[in-house]
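Undergrad: Same order as they appear, the protein sequences are chains S and A. Offset between the first sequence (1-based) and our numbering: plus 15. Offset between the second sequence (1-based) and our numbering: plus 3.
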Amino acid sequence: MIEISGLNKSFDKNLALKDINLTFDKGNIVAVMGPDGSGKTTLLKCILGLVKQDNGDITVKGINTRNNSQYREYIGYMPQTARYPENLKVKELIAMLKDVKGDHCVYDNELIEKLNLKSVYNKSIGTLSSGTKQRVSGSIAFLFGQEIIILDEPTAGLDPVSTEIMKSKILHEKEKGKLIIITSHITSEVEELADRVVFLLEGSIYADTSVDELKSKTGTASLNSAVARIMESNGS
Amino acid sequence: MIIAYTVFLFALSFGIIYLGRDVTKAIVSLLNVVLLFVPLISIVFGTIHFYNSQKFMEMLLALPVKRSSIFWAEYLGLSASLSIGFLIGAGIPLVAYGAPPAAWYLLVSGVFLTFIFTALAFFASVINKDKARGIGFSLMIWFYLSVLFDGLVLLIDLLFSDYPLEKIVLAFTALNPIDLARVVILMKLDISALMGYTGALFQNFFGTFTGTLFSFGFLLLWTVVPAFVSLKIFNRKNF
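(1) Do you know how far the Cα of K24 (chain S) is from the Cα of S72 (chain A)?
(2) Determine whether the Cβ of N179 (chain A) lies closer than 7 Å to any Cβ atom of chain S.
(3) Along the region 77-96 of chain S, what residues have a CB closer than 8 Å to any CB found in chain A?
(4) Can you check which of these residues, S:H187, S:K113 and S:Q95, is closest to R150 (chain S) by C-alpha distance?
(5) I'd like to know if the region 120-131 of chain A and the region 141-149 of chain A are in contact, where contact means that at least 3 CB-CB pairs between them fall below 8 Å.
(6) Using 10 angstroms around the beta-carbon of A189 (chain S), count the other beta-carbons present and answer buried if the total reaches 16, otherwise exposed.
(7) Need the endpoints of the alpha helix (DSSP H) that S219 (chain S) sits in, please.
(8) Can you tell me whether Y21 (chain A) is buried or exposed, with buried defined as 16 or more other CB within 10 angstroms of its CB?
(9) Any beta carbon of chain S sitting closer than 7 Å to that of F59 (chain A)?
(10) Can you find a CB in chain S that lies within less than 7 Å of the CB of K69 (chain A)?
(11) Report the rounded CA-to-CA distance for V150 (chain A) versus D69 (chain S), giving the unit in angstroms.
(12) I need the straight-line Cα distance from T170 (chain S) to K184 (chain S), nearest angstrom please.
(13) Any idea if D167 (chain S) is buried or exposed, counting beta-carbon neighbours within 10 angstroms, 16 or more meaning buried?
(14) When you compare the CB positions of E101 (chain S) and I155 (chain S), do they come within less than 7 Å of one another, or not?
(15) Please go through the region 119-153 of chain A and give each complete alpha helix (DSSP H) segment of 4 or more residues, from N-terminal end onward.
(16) Going by alpha carbons, who is nearest to L58 (chain S) out of S:K116, S:T202, S:L32 and S:K129?
(17) Any chance the region 223-240 of chain S sits against the region 50-61 of chain A, with 3 or more Cβ pairs inside 8 Å?
(18) Here's the rule: buried if 16 or more other CB atoms are within 10 angstroms of the residue's CB, otherwise exposed. What is E247 (chain S)?
(19) Does any heavy atom of the ligand HEM sit closer than 6 Å to the C-beta of A177 (chain A)?
(20) Counting contacts by CB-CB distance shorter than 7 Å, is F242 (chain A) in contact with chain S?
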């Protein structure tokens with residue numbers, strides 16, 4: 016569904032992504048892992064066109080993302096930290112996004128209901144706590160029922176109940192044959208969810224395997240120690 | 004914020020006209036205030052607005068929307084709101100006191116300045132990633148155009164006073180939108196006689212229909228060029 020070939024990106028003189036080649040297929044949950052500053056968010060933002068790549072091509076469902084905006088119709092996105100106009104009410108924000116999206120899809124209101132967002136519908140976003148904002152932003156990512164869902168640290172800042180709801184939603188959507196890409200530092204969560212782990216180190220792909228293979232490759236029992244070992248042995 | 008701006012302009016215009024009792028004189032006073040405040044408010048508010056909505060723009064850009072649509076929506080939305088604030092704030096008192104022709108020029112120039120300085124604000128914002136630097140850059144643009152520029156022209160005038168500089172000074176005016184607006188309005192007030200030989204030359208040029216057209220043409224250029232340059236950079240920007 017998503018093909019990335021020869022992707023390079025640098026900010027000023029710092030190389031953020033080095034020659035990334037990846038293919039993501041549907042019905043998969045892919046976890047992008049790596050230490051801080053390894054290029055996880057940059058990779059996701061390149062797919063979304065929020066960061067313009069220096070060279071290389073990204074195709075989403077056969078559409079080259081360069082100079083195209085239409086392909087984003089297939090992607091639902093939850094940013095790491097979402098900021099919305101402060102004086103807008105939650106209800107108005109959702110109505111506005113539906114309006115901007117402007118198509119006639121069936122809305123997926125499951126998360127809005129399960130995460131109990133109806134209770135804050137009439138509050139303005141400026142008054143919400145950061146966890147509540149995360150809940151709003153997570154629900155929006157699933158709202159339009161797109162085939163590709165990109166979640167940048169979806170459970171950071173969420174309470175345990177919401178985290179569980181979010182996880183079961185992710186698994187449930189995978190069952191429907193969607194492609195879900197997440198970044199996360201929480202290894203237990205990755206172990207539970209991901210079919211595949213893409214491990215980035217300083218902008219290059221260090222490993223691209225399943226959780227089990229990553230464990231056996233490093234000879235450790237848990238994913239957490241596997242990740243820790245990779246990071247230590249590479250001095251970061 | 005925009006409402007506060009409107010109320011401030013309203014109180015100011017009303018006060019100046021009321022104290023002056025003569026609308027024409029009041030326009031000159033109002034002119035100086037408008038030429039100082041409208042650019043300042045537009046550029047500072049525009050820059051702050053841009054940085055504050057950056058995260059939200061990122062959100063919108065994840066939707067199937069073209070970057071240019073978001074840019075124009077932000078730019079036109081902001082300049083239009085500021086212009087409406089200005090028109091209500093400065094327009095109502097002027098119209099209430101009879102609105103001589105120069106008043107209309109004042110209002111049109113004010114709207115132009117709003118659009119120009121909002122475009123410059125966006126320019127400052129797209130080339131600086133850091134908010135503090137962006138605001139600093141905006142203030143520098145404002146300070147340069149409203150204070151330094153006139154000083155430089157005066158300096159050149161003084162240094163080369165042995166040469167006939169009138170035509171060159173005329174051309175300099177086109178390089179500063181604030182000066183263009185000022186000249187357009189002053190010419191409608193028939194006080195150029197007070198400005199000596201250069202004033203007469205200005206009257207000869209800017210007082211005519213072609214001159215007015217020339218001024219508004221350049222004001223339009225001052226709006227379009229920064230807006231399109233900012234758009235170009237915005238299209239390549241990393242969020």
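The beta carbon of each residue, even a glycine, is placed where N, CA and C say it ideally should be.
TA: The structure says:
(1) Their backbone Cα atoms lie some 25 Å apart in a straight line.
(2) Not an interface residue.
(3) Result list: S84, Q85, Y86, R87, E88, I90, Y92, P94 and T96.
(4) It is S:Q95.
(5) Flag = yes, the region 120-131 of chain A and the region 141-149 of chain A touch.
(6) A quick correction: the sequence has Lys, not Ala, at residue 189 (chain S). Classification for K189 (chain S): buried.
(7) Counting along the chain, no alpha helix (DSSP H) covers S219 (chain S); the unbroken beta strand (DSSP E) around it starts and ends at S219 to T224.
(8) Looking at its Cβ environment, which holds fewer than 16 other Cβ atoms inside 10 Å, Y21 (chain A) is exposed.
(9) Taking Cβ atoms only, chain S reaches closer than 7 Å to F59 (chain A), which makes this a yes.
(10) At a cut-off of 7 Å between beta-carbon atoms, K69 (chain A) makes contact with chain S.
(11) Roughly 41 Å separates the two Cα atoms.
(12) If I take the Cα positions, the gap works out to 12 Å.
(13) D167 (chain S) is buried by the Cβ-count criterion.
(14) Not closer than 7 Å, so no.
(15) Fully enclosed alpha helix (DSSP H) runs of 4 or longer: 134-146.
(16) The residue with the shortest Cα to Cα distance from L58 (chain S) is S:L32.
(17) Not touching, per the Cβ criterion.
(18) Burial check for E247 (chain S): the Cβ neighbour count within 10 Å stays below 16, so the residue is exposed.
(19) Here there are no bound small molecules, and the ligand HEM is not part of this structure.
(20) Using beta-carbon distances, F242 (chain A) counts as an interface residue toward chain S, with a partner under 7 Å.
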